[in-house]
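To convert a position in the sequence shown, counted from 1, into the working numbering, add 412. Below: one structure, written as structure tokens.
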Amino acid sequence: MRRIRLPLGRGLYFLCAFLVAMFALLPLRLALDWFTLDDQGLSARKAEGSVWLGRLSETRFGDASLGDLGARLSPVQLLVGRARVDLDATDESAPPLKGAVSVSRNTVGIDDMTGAIPVGAVFAPLPVDMLDLTDVSVRFKDGQCDRAEGRVRATVAGDIAGISLGQGLGGNARCDGGALLLPLQGQSGMERLSVRLFEDGRYELDLAVRPADPALGSRLVLSGFRQTQDGYVFSLQGRF
């Protein structure tokens, strides 16, 4: 009887088996460090479990709180040279969130993100307190916005110089001049919020208002707005 020999030497075979087992049990925290997701603004107080079934506690994107998230590495995306971490909110007391963040050699972005992101005081003094995402995908390539799609809605707590924006402002994400552009508009069409987000975490924001009551113009000026041909505009720059 002929013996069937493995194409690999015994030593090389066990080495490969060891490497596969080690990667299967790779801690999630170590994987996040390897993929430099913290450099892209994603951080967590604690990462537990393996890359295939992990958990991120008190997760944040910049200054925006995402709560506790389940995290799983996609093996399919690894085959095409991309590290994709699927995220799913696990804290019932926090707003729902589901989607993924992905990184490759020269790209970074989010995939199919749906849920609510409390932005807190990121846009202060404007009282924008929440961004609601619906199937939002964004890809930055070599630092430039390369692809963007999906619906974004900003909710506003309170009013601005006596003007209520409680119904929020919405629009579709797109790329513009290398930045991610969120062109949001109120239901009346008299309020427009333009937010530009850059790959390094910077943002530029312009809120333009055309008040139905001309008497509100002086109150808007006192609140930091400037009068332009597009109405009264408040501009802000900052970083997530």
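Using N, Cα and C, we set each Cβ at its ideal position, and we do this for glycine too.
Out of curiosity, what's the CA-to-CA distance linking R559 and F652?
-> Annotation: R559 to F652 spans about 20 Å, alpha carbon to alpha carbon.
Compare the Cα-Cα distances from R638 to each of E504, P626, A620, A624 and report the closest residue.
-> A620
So, using beta-carbon positions, are G532 and D523 closer together than 8 Å?
-> No, the Cβ-Cβ distance between G532 and D523 is not below 8 Å.
Whole-angstrom C-beta distance between A566 and L543, which should lie under 8 Å | 6 Å
Answer yes or no: do E611 and G555 have a C-beta to C-beta separation smaller than 8 Å?
-> yes
Note down, one range per segment and in chain order, each beta strand (DSSP E) of at least 3 residues found wholly within the segment 534 to 597.
-> Here the runs fully enclosed are 540 to 553, 556 to 568, 581 to 584, 586 to 588.
Rounded to the nearest angstrom, how far is the Cβ of P539 from that of G570, given a contact under 8 Å?
-> 5 Å
Per DSSP, which one or two residues make a beta bridge with R523?
-> The displayed chain sequence assigns Asp, not Arg, to residue 523. DSSP lists A512 as the bridge partner or partners of D523.
Alpha-carbon to alpha-carbon, V548 and R457 | One C-alpha to the other measures close to 25 Å.
Which term fits A433, buried or exposed, when burial requires 16 or more other beta carbons within 10 angstroms of its beta carbon?
-> Note that A433 scores 42 on pLDDT, short of 50, meaning its location in the model is unreliable and no value can be drawn from it.
Using beta-carbon positions only, say whether G583 and L596 come within less than 8 Å of one another.
-> yes
What is the DSSP secondary structure of P487, reduced to helix, strand or coil?
-> helix
Just how far apart, CA to CA, sit A459 and A483?
-> 9 Å
Hey, out of L499, L545, I575, whose CA is closest to S514's CA?
-> L499
Can you check DSSP and say which residues form a bridge with Q383?
-> The question about residue 383 has no answer, for the chain in this structure spans 413 to 652.
When the Cα atoms are used, what is the spatial distance from R517 to I529?
-> Straight-line Cα distance between these residues: approximately 27 Å.
Excluding five sequence neighbours on each side, which residues of the same chain lie with their C-beta closer than 6 Å to the C-beta of S635?
-> A573
What three-state label does DSSP hand V531 in the structure shown?
-> coil
Might you give, ordered along the chain, the residues of its own chain that have their beta carbon closer than 6 Å to the beta carbon of A506, omitting 5 neighbours on each side?
-> G479
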